[in-house]
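These notes concern the structure reproduced below.
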Amino acid sequence: MIEIPSDLHPDLVPLAFLLGNWAGAGVSDFPGAEKCNFGQEVTFSHDGRDFLEYVSHSWVLDAEGNQVRPLESESGYWRVDKDRKVEIVMVRDQGVVEVWYGELAKQKPQIDVVTDAVARTAASGPYSGGKRLYGYVNSDLMWVGEKATPDVELRPYMSAHLKKVVTPEEVAAMAKSLGDMPDDGIAFFK
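With the working numbering as the guide, the letters of the sequence shown map in order to residues 10 to 199.
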């Protein structure tokens, strides 16, 4: 279920499905880089202004699913206008700053964005642009990223399936709201 916080800026209502803490796993595969499974934690938050704050941390996983080492981190700000156009400013730990533009699909919680501008530090690896697709599917957040370098055409390089993280405080609030449920819980669904 998508909840819309009462203090969410009205312009951000179409992006409310992103809000919260997400965690899951995915696959990374790009020529010249190690192919691996990775874990990821993502947070989309707001402070009442007209943007969402985005923070993502990912790490390489071993065959048993244990964290081996950091993979990449990124943070940024997401906005959407009245025409459902999305803009993102993002900074990555690899020394890359990006401006992304795209749009929110009509009648479904899906965002398709591409890079419009890329700035790199001398320490960053080769990178010339990207494309991402985010979707809210059966209460989960899924995404796939494509990447291009001067030597490799745009191609998929990472994708992940994330689930909403529920804090102990959220569980307690849910438990309190069950007070009106019949003792056996089954009658509620009849």
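A virtual CB, placed ideally from N, CA and C, is assigned to each residue, including glycine.
- Message: Given this structure, state the Cα-to-Cα distance separating SER148 from ALA114, to the nearest angstrom.
- Response: On the sequence shown, residue 148 is found 139 positions in, with the first residue counted as 1. On the sequence shown, residue 114 is found 105 positions in, with the first residue counted as 1. The straight-line gap from Cα to Cα measures roughly 17 Å.
- Task: Inspect the CB distances between the region 98-109 and the region 73-90 and report whether three or more fall short of 8 Å.
- Result: yes
- Message: So the candidates are GLU112, TRP152, LEU163 and VAL175; which of them puts its Cα closest to the Cα of GLY40?
- Response: Against the sequence shown, residue 40 aligns to sequence position 31. For the record, residue 40 in the displayed sequence is Pro; it is not Gly. Nearest option by C-alpha distance: LEU163.
- Message: Helix, strand or coil, according to DSSP, for PHE26 in the structure here?
- Response: Position 17 of the sequence shown, counted from the first residue, corresponds to residue 26. DSSP places PHE26 in helix when its eight states are reduced to three.
- Considering only residues of the same chain and omitting the five flanking positions on each side of VAL174, which have a CB-CB separation below 6 Å? Here the question's residue 174 lines up with position 165 in the sequence shown. Cβ neighbours of VAL174 beyond the five flanking positions: ASN30 and ALA32.
- Along the chain, where does the beta strand (DSSP E) that runs through THR52 open and close? In the sequence shown, residue 52 corresponds to position 43, counting from 1. Unbroken beta strand (DSSP E) run through THR52: 45-54.
- Own chain residues within Cβ distance below 6 Å of ALA128, not counting five before or after: As a working mapping, residue 128 is identified with position 119 in the sequence shown. So the qualifying residues of the chain are VAL106.
- Query: Less than 8 Å separating the beta-carbons of THR124 and VAL146?
  - Reply: Reading the sequence shown from its first residue, position 115 is the one you call residue 124. Reading the sequence shown from its first residue, position 137 is the one you call residue 146. Cβ distance not < 8 Å, so THR124 and VAL146 don't count as in contact.
- Cα-Cα separation, SER15 to GLU81: As a first step, residue 15 is located in the sequence shown; it is residue number 6 there, counting from the start. As a first step, residue 81 is located in the sequence shown; it is residue number 72 there, counting from the start. Their backbone Cα atoms lie some 33 Å apart in a straight line.
- Query: Who are the near neighbours of PRO118 in its chain, counting only those whose CB is closer than 6 Å to its CB and skipping five residues on each side?
  - Reply: The count along the sequence shown starts at 1 and reaches residue 118 at position 109. Result list for PRO118: PHE26 and TYR145, in chain order.
- Between GLU12 and LEU28, what straight-line distance do the alpha-carbon atoms span, to the nearest angstrom? Taking the sequence shown and counting its residues from 1, the one referred to as residue 12 is at position 3. Taking the sequence shown and counting its residues from 1, the one referred to as residue 28 is at position 19. Computed Cα separation, rounded: 9 Å.
- Using three-state DSSP, classify PRO79 as helix, strand or coil. Here residue 79 is taken as the residue at index 70 of the sequence shown, counted from 1. The answer is strand: DSSP assigns PRO79 an E or B state.
- ALA157 versus TYR136: straight-line alpha-carbon distance, rounded: Residue 157 sits at position 148 when you count from the first residue of the sequence shown. Residue 136 sits at position 127 when you count from the first residue of the sequence shown. Between ALA157 and TYR136, the C-alpha separation is close to 6 Å.
- Query: Under a Cβ-count criterion, where at least 16 other Cβ atoms within 10 Å of its own Cβ denotes burial, should GLY139 be classed as buried or exposed?
  - Reply: For the purposes of this step, residue 139 is identified with residue 130 of the sequence shown, where counting begins at 1. Per the 10 Å Cβ criterion, buried.
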